[in-house]
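Note sheet for the following structure.
Numbering (the working numbering), first residue to last: 5 to 270.
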């Protein structure tokens, strides 16, 4: 039986001529991370905007063992929500959600996709090595607990890994309080995944990166953009959680500019 999934919808007043936007969150986040700023922002600018919480996240029902849930299961969640929308959506994925979107694009062409600080198409093995070198004790705790949330379990860790130094204490504390559990299996799959660039590149893609990102390197994003023939925009003075930073409008504006150029209303 299919699990009930949380979907937050913010629709354009008077309807929209554009394809709907479907936002997919990353590790330990849920639909709330998009509803803080991005969903209202895009609804006010003429888009019907939706965000789902993947199974076991937010208000979505949890599988018996979230720890061993696969990326493929997350992809099926996105497919279910997309099928209920009035038109094929532009899908936006952040971090692990960016990997979920890339796996979806291996299977079908969409009107467009935005990958926000995504896991690169050849996996995050190098990034994991950097994390172990920078934080060996924290990495050991993650492996012993089989729980990725360990990385974001305090405001201090959230600030260190997800936010730029200028982000307010209020923003960081709120994010830390809302962080949830994550699938260890999906986290490990993210390290070793290999994706079909030819199939994925048939969809128009924007890759949105942050110059202060401590989890996904600019070099990885540039290589991924080249592989897909995608557009790449790097936002200065922002870190991994661009959609939650105090200057989130810079990332939202870059996405809006690309969508306006790429999508044509019927």
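For glycine and all other residues, C-beta sits at the position ideal for the given N, C-alpha and C. In this text the structure is predicted, and so the values were computed from the model without any measurement.
Practice item. Take the Cβ of residue 21 as the centre, count every other Cβ of all protein chains shown within 10 Å, and call the residue buried at 16 or more, exposed below. Key: exposed
Exercise for review: Please confirm whether residue 101 and residue 208 have their CB atoms less than 7 Å apart.
Suggested key: no
**Study point:** Other residues of its chain near residue 256: CB distance less than 8 Å, five sequence neighbours each side excluded
**Key:** When the five nearest sequence neighbours on each side are left out, the beta carbons in the same chain lying within less than 8 Å of the beta carbon of residue 256 are those of 41, 42, 45, 46, 247, in order along the chain.
Review point. Looking only at C-alpha atoms, which of 71, 37, 48 sits nearest to residue 55?
Key: 37
Point to revise | Beta-carbon proximity of residue 118 to residue 225, cut-off 7 Å | key: no
Practice item. Have a look at 72, 65, 84, 214 and flag the residue whose alpha-carbon is nearest the alpha-carbon of residue 121. Key: Of the listed residues, the one whose Cα sits closest to residue 121 is 214.
**Study point:** Buried or exposed (CB count within 10 angstroms, at least 16 for buried), residue 34
**Key:** buried
Check your understanding: Would residue 87 be called buried (16 or more neighbouring beta carbons within 10 Å of its own) or exposed?
Key -> exposed
**Study point:** Candidates 10, 110, 48, of which the one nearest residue 202 by Cα
**Key:** 110
Practice item. Consider the Cβ of residue 99: report whether some Cβ of chain D lies at a distance smaller than 7 Å. Key: No chain D appears in this structure, which consists of one protein chain only.
Practice item. Please report how far the alpha carbon of residue 149 lies from the alpha carbon of residue 204, in whole angstroms. Key: With a pLDDT of only 48 at residue 149, under the threshold of 50, the placement of this residue in the model should not be trusted; the figure read from the coordinates follows. C-alpha separation (whole angstroms): 34 Å.
Exercise for review: Throw me the rounded Cβ distance for the residue 26 and residue 89 pair, which I believe falls under 8 Å.
Suggested key: Correct: roughly 7 Å between the Cβ atoms.
Exercise for review: Kindly provide the ranges of any alpha helix (DSSP H) runs that are 4 or more residues long and lie completely inside the segment 186-224, ordered along the chain.
Suggested key: The qualifying runs are 188-196, 201-204.
**Study point:** Residues near residue 129 in its chain [Cβ-Cβ closer than 7 Å; skip 5 each side]
**Key:** Any answer about residue 129 is weak, because its pLDDT of 46 lies below 50 and its placement is not dependable; what the coordinates show is given next. The residues are 195, 196.
Check your understanding: Of all the options 14, 64, 83, 60, which has the alpha carbon lying nearest to the alpha carbon of residue 49?
Key -> Taking residue 49 as reference, the option from 14, 64, 83, 60 with the minimal CA-CA separation is 14.
Review point. Measuring CB to CB, does residue 242 end up less than 7 Å from residue 168?
Key: yes
**Study point:** Chain-order list of residues whose beta-carbon lies under 8 Å from that of residue 92 (same chain, five-residue window excluded)
**Key:** 23, 86, 114, 115
Check your understanding: Would residue 249 be called buried (16 or more neighbouring beta carbons within 10 Å of its own) or exposed?
Key -> buried
Review point. For the beta strand (DSSP E) that contains residue 26, what are its first and last residues?
Key: 25-28
Practice item. Decide if residue 154 is buried, meaning its Cβ has at least 16 other Cβ atoms within 10 Å, or exposed. Key: buried
Review point. What does residue 55 pair with, by DSSP beta-bridge criteria?
Key: 12, 27
Point to revise | Sub-7 Å separation of residue 186 and residue 32 beta-carbons | key: yes
Exercise for review: Identify every residue that forms a DSSP beta bridge with residue 117.
Suggested key: 95, 209
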